[in-house]
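Trainee: If you number the sequence shown the way my numbering does, the last residue is 803 and the count never jumps.
Yeah, the Cβ is synthetic: ideal placement off N, Cα and C, and Gly gets one too.
Take this structure, written in structure tokens, and hold onto it; I'll ask about it next.
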Amino acid sequence: MIELEQALALIKQQITVQENTVVVTLPEALGRVTSSEIVAKTAVPNFARSGMDGYAIFAADTHTASPQTPVTLKVLGTVLAGEAVDQYHAQPGTAVKIMTGAPIPDGYDAVVRQELTDYGTETVTITRAMTKGKNFGPIGEDVAQGQVIFPKYTYLTCDSLAVLASLGYDSVSVLQPIRVGLIATGNELATPGQPLATGQIYNSSMYAIAARIRQSGGVVVFQEICQDDPQALAQLLTDYRDAVDVFLTTGGVSVGVKDFVPQVIESIGGKPLFHNVYFKPGTPVMGSVWQDKVILSLSGNPFAAIVNFQLLYWPLLAAFMNNHHFDLKRGQGKIVAGQMKSSKLPRYVRGDQDHGAIRIPANGHQSSVLHNVVAHNCLICQPPDQALSVGDEVTYLEWR
Ligand SMILES: Nc1nc2c(c(=O)[nH]1)N[C@H]1C(S)=C(S)[C@@H](COP(=O)(O)OP(=O)(O)OC[C@H]3O[C@@H](n4cnc5c(N)ncnc54)[C@H](O)[C@@H]3O)O[C@H]1N2
Ligand code: MOO
404 MIELEQALAL
414 IKQQITVQEN
424 TVVVTLPEAL
434 GRVTSSEIVA
444 KTAVPNFARS
454 GMDGYAIFAA
464 DTHTASPQTP
474 VTLKVLGTVL
484 AGEAVDQYHA
494 QPGTAVKIMT
504 GAPIPDGYDA
514 VVRQELTDYG
524 TETVTITRAM
534 TKGKNFGPIG
544 EDVAQGQVIF
554 PKYTYLTCDS
564 LAVLASLGYD
574 SVSVLQPIRV
584 GLIATGNELA
594 TPGQPLATGQ
604 IYNSSMYAIA
614 ARIRQSGGVV
624 VFQEICQDDP
634 QALAQLLTDY
644 RDAVDVFLTT
654 GGVSVGVKDF
664 VPQVIESIGG
674 KPLFHNVYFK
684 PGTPVMGSVW
694 QDKVILSLSG
704 NPFAAIVNFQ
714 LLYWPLLAAF
724 MNNHHFDLKR
734 GQGKIVAGQM
744 KSSKLPRYVR
754 GDQDHGAIRI
764 PANGHQSSVL
774 HNVVAHNCLI
784 CQPPDQALSV
794 GDEVTYLEWR
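So this is what it looks like as structure tokens:
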């Protein structure tokens with residue numbers, strides 16, 4: 404039995420950072436990771452612009468301006484945002500009425516906002532001294548030309564899309580998504596929507612796992628139930644070998660008579676990286692490598708399967724996409740309600756966290772109990788041989 408950190412290190416050793424890239428449009432780029440450096444082709448803005456509705460002026464013309472000694476300048480015209488300004492020849496003693504975001508004609512070095520003037524159209528009277536650069540947005544105020552705006556392997560957020568748009572990019576080259584194959588093993592499993600035969604249950608945990616893979620930008624290449632039949636499992640793995648980057652299986656990794664997953668993986672030439680990890684739930688989880696592909700064989704119990712997924716898949720994805728965005732997020736908190744008896748193994752306990760105040764539910768902690776996962780938002784890290792009670796400081800993992 405190995406520690407979680409060792410298991411993760413073994414998995415990461417097998418992961419090669421995604422090399423395949425694809426060009427996607429901006430709306431498709433959300434949640435993707437850039438595959439090359441993104442450089443600003445032009446400055447933003449690529450002209451000097453006004454920060455206020457007012458008058459472009461020479462600051463020096465206003466040095467003596469005050470309410471008692473206003474200064475009057477000749478107004479040459481009006482510039483709106485989006486207009487050209489080549490026709491203006493800025494001279495000391497003149498001004499141009501200008502709107503926010505409009506180009507400042509060459510020569511003017513400040514903008515006085517209209518509230519400090521008489522709003523004049525032929526001439527304008529100014530009642531406050533302006534300093535050079537006041538309300539003056541220079542070329543590159545936002546982004547300089549040639550600036551590296553996103554290094555390679557940047558995770559693209561909602562705001563990243565706006566930044567790319569501001570630079571004129573309508574598409575971006577990103578890493579191809581991870582491709583995952585999902586196999587839920589067990590004769591007892593039925594597909595939702597189908598009737599249940601005696602002793603059957605519905606395949607449930609795979610739906611949470613598949614949804615998380617999709618939500619995090621991955622592709623679920625296939626999702627199938629596999630009977631407890633070694634040949635059928637070997638066949639599925641072989642059929643999809645070239646179509647996936649990672650296989651995830653559930654069930655069949657413990658010590659039951661039908662727990663055949665480890666033997667099948669070995670029979671097709673897979674090499675175990677670890678089997679049984681020093682935590683619960685989901686202790687029997689197994690990691691293997693087969694033809695450069697990692698196979699994560701998660702415990703069958705639904706809560707255990709999802710916890711196994713949380714602990715192992717996110718770091719794997721972070722390594723594959725070379726981006727910490729995907730890593731598990733830890734926090735520190737204090738138990739404010741509930742308790743948990745001690746256990747030999749480190750344990751991940753479902754809990755409810757709000758600004759570091761953590762509640763442990765009174766019951767429903769079995770790894771076979773699924774329904775209450777929707778009411779919880781963290782996994783409390785319970786150290787081995789240590790009970791948890793109100794007042795204890797603990798680390799937790801965000802449930803994502
Ligand atoms: N004698 C022992 N028995 C068990 C041990 C042990 O050490 N000695 N370990 C227990 C622990 S801990 C766990 S966790 C489970 C893990 O077993 P497997 O990972 O081999 O999973 P299965 O036996 O196939 O299934 C367990 C349980 O989960 C249900 N299941 C499976 N897949 C799904 C699915 N996709 N959706 C919903 N439910 C699923 C399955 O019907 C079983 O009820 O072993 C303990 N036993
Ligand atoms: O490792 Mo199991 O999930 O405790 O029942």
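Compute the Euclidean distance between the alpha carbons of A513 and P473, then round it to the nearest angstrom.
Mentor: Translated into the one-based positions of the sequence shown, residue 513 becomes position 110. Translated into the one-based positions of the sequence shown, residue 473 becomes position 70. Whole-angstrom Cα-Cα distance: 17 Å.
Trainee: Would the C-beta of A707 count as close to ligand 2, meaning under 7 Å from any of its heavy atoms?
Mentor: Residue numbering aside, residue 707 sits at position 304 when the sequence shown is read from its first letter. Answer for A707: yes, Cβ within range of ligand 2.
Trainee: Would P749 and S608 qualify as a contact pair, given that the criterion is a beta-carbon distance under 8 Å?
Mentor: Along the sequence shown, one-based indexing puts residue 749 at 346. Along the sequence shown, one-based indexing puts residue 608 at 205. Cβ distance not < 8 Å, so P749 and S608 don't count as in contact.
Trainee: Going straight from the alpha carbon of A760 to that of A740, what length do you get?
Mentor: Start at 1 with the first residue of the sequence shown, and residue 760 comes out as number 357. Start at 1 with the first residue of the sequence shown, and residue 740 comes out as number 337. One C-alpha to the other measures close to 9 Å.
Trainee: Pick from T475, S576, K537, G485: whose alpha carbon is nearest that of T526?
Mentor: One-based indexing of the sequence shown puts residue 526 at position 123. If we check each option's Cα against that of T526, T475 comes out closest.
Trainee: Spatial neighbours of M404 within its chain, please: CB distance less than 8 Å, with the 5 preceding and 5 following residues excluded, ordered by chain position.
Mentor: Working through the sequence shown from its first residue, we reach residue 404 at position 1. Only N679, V680, Y681, T686 meet the Cβ criterion.
Trainee: Would you say the beta carbon of D632 is closer than 7 Å to some non-hydrogen atom of ligand 1?
Mentor: Translated into positions along the sequence shown, residue 632 becomes position 229. No.
Trainee: Please state if the CB of L599 and the CB of A593 are separated by a distance shorter than 8 Å.
Mentor: Taking the sequence shown and counting its residues from 1, one reaches residue 593 at position 190. Taking the sequence shown and counting its residues from 1, one reaches residue 599 at position 196. Yes, Cβ-Cβ distance for A593 and L599 is below 8 Å.
Trainee: Any idea if V797 is buried or exposed, counting beta-carbon neighbours within 10 angstroms, 16 or more meaning buried?
Mentor: Sequence index remark: in the sequence shown, residue 797 carries index 394 (1-based). By the neighbour-count rule (16 or more Cβ atoms within 10 Å), V797 is buried.
Trainee: In chain order, what residues of the same chain lie with their CB nearer than 7 Å to the CB of A462, ignoring the 5 residues before and after it?
Mentor: Taking the first residue of the sequence shown as position 1, residue 462 is located at position 59. So the list reads D512, A513, M533, T534, K535, K537, once near-sequence residues are dropped.
Trainee: What's the call for Q785, buried or exposed, on a 16-neighbour Cβ count within 10 Å?
Mentor: As a working note, residue 785 is residue 382 in the sequence shown. Looking at its Cβ environment, which holds 16 or more other Cβ atoms inside 10 Å, Q785 is buried.
Trainee: Does at least one heavy atom of ligand 2 sit under 7 Å from the Cβ of S702?
Mentor: Sequence index remark: in the sequence shown, residue 702 carries index 299 (1-based). Yes, the Cβ of S702 comes within 7 Å of a heavy atom of ligand 2.
Trainee: Once you ignore the five residues that flank I581 on each side, which residues in its own chain have a CB closer than 8 Å to its CB?
Mentor: Reading the sequence shown from its first residue, position 178 is the one you call residue 581. Correct list, in chain order: Q421, I616, G620, G621, V622, D648, V649, L720, F723, M724.
Trainee: From the DSSP secondary-structure annotation, give me the bridge partner or partners of Q785.
Mentor: Along the sequence shown, read from residue 1 onward, the residue named residue 785 stands at position 382. R750.
Trainee: Hey, out of A565, I709, S670, whose CA is closest to E431's CA?
Mentor: As a first step, residue 431 is located in the sequence shown; it is residue number 28 there, counting from the start. Looking at the Cα atoms, A565 is the closest of the given residues.
Trainee: Quick check on DSSP: helix, strand or coil for A635?
Mentor: Numbered from its first residue, the sequence shown carries residue 635 at position 232. Of the three classes helix, strand and coil, the one that applies to A635 here is helix, per DSSP.
Trainee: For Y558, which of helix, strand or coil comes out of DSSP?
Mentor: In the sequence shown, residue 558 corresponds to position 155, counting from 1. It is a strand residue.
Trainee: Does the beta-carbon of S770 have 16 or more other beta-carbons within 10 angstroms, so that it is buried, or is it exposed?
Mentor: Against the sequence shown, residue 770 aligns to sequence position 367. So S770 counts as buried.
Trainee: Could you tell me which residues DSSP puts in a beta bridge with V447?
Mentor: As a position in the sequence shown, residue 447 is number 44, starting the count at 1. DSSP, once it has assigned bridges, lists V546 as partnering V447.
Trainee: Between V478 and the rest of its own chain, which residues show a CB-CB distance below 8 Å, the 5 nearest in sequence each way excluded?
Mentor: Position 75 of the sequence shown, counted from the first residue, corresponds to residue 478. Around V478: Y458, T497, A498, V499, K500, G523, T524, E525, T526, V527.
Trainee: Verify whether the separation of the beta carbon atoms of I414 and L715 is less than 8 Å.
Mentor: By one-based count along the sequence shown, residue 414 stands at place 11. By one-based count along the sequence shown, residue 715 stands at place 312. Yes, Cβ-Cβ distance for I414 and L715 is below 8 Å.
Trainee: Measuring from the CB of P787, is there a heavy atom of ligand 2 at a distance below 7 Å?
Mentor: Taking the first residue of the sequence shown as 1, we reach residue 787 at position 384. No, since every heavy atom of ligand 2 falls outside the 7 Å radius drawn around the Cβ of P787.
Trainee: Would you grab the beta carbon distance between L640 and I604 for me? Rounded to a whole angstrom, and I think it's under 8 Å.
Mentor: Taking the sequence shown and counting its residues from 1, one reaches residue 640 at position 237. Taking the sequence shown and counting its residues from 1, one reaches residue 604 at position 201. 24 Å between Cβ atoms; not a contact.
Trainee: With a threshold of 6 Å on Cβ separation, who are the neighbours of I441 within its own chain once the five nearest residues in sequence on each side are excluded?
Mentor: Here residue 441 is taken as the residue at index 38 of the sequence shown, counted from 1. Once the five neighbours on either side are set aside, the close Cβ partners of I441 are I552, F553.
Trainee: Return the residue from the list Q550, V692, V710, A446 that minimises the CA-CA distance to Y751.
Mentor: The residue given as residue 751 occupies position 348 in the sequence shown. Measuring from the Cα of Y751, the nearest candidate turns out to be V710.
Trainee: Based on Cα-Cα distance, which residue from G543, Q735, Q789, G673 lies nearest to C781?
Mentor: Your numbering for residue 781 matches position 378 in the sequence shown. Measuring from the Cα of C781, the nearest candidate turns out to be Q735.
Trainee: Are the Cβ atoms of R516 and M455 separated by less than 8 Å?
Mentor: The residue given as residue 516 occupies position 113 in the sequence shown. The residue given as residue 455 occupies position 52 in the sequence shown. Yes.
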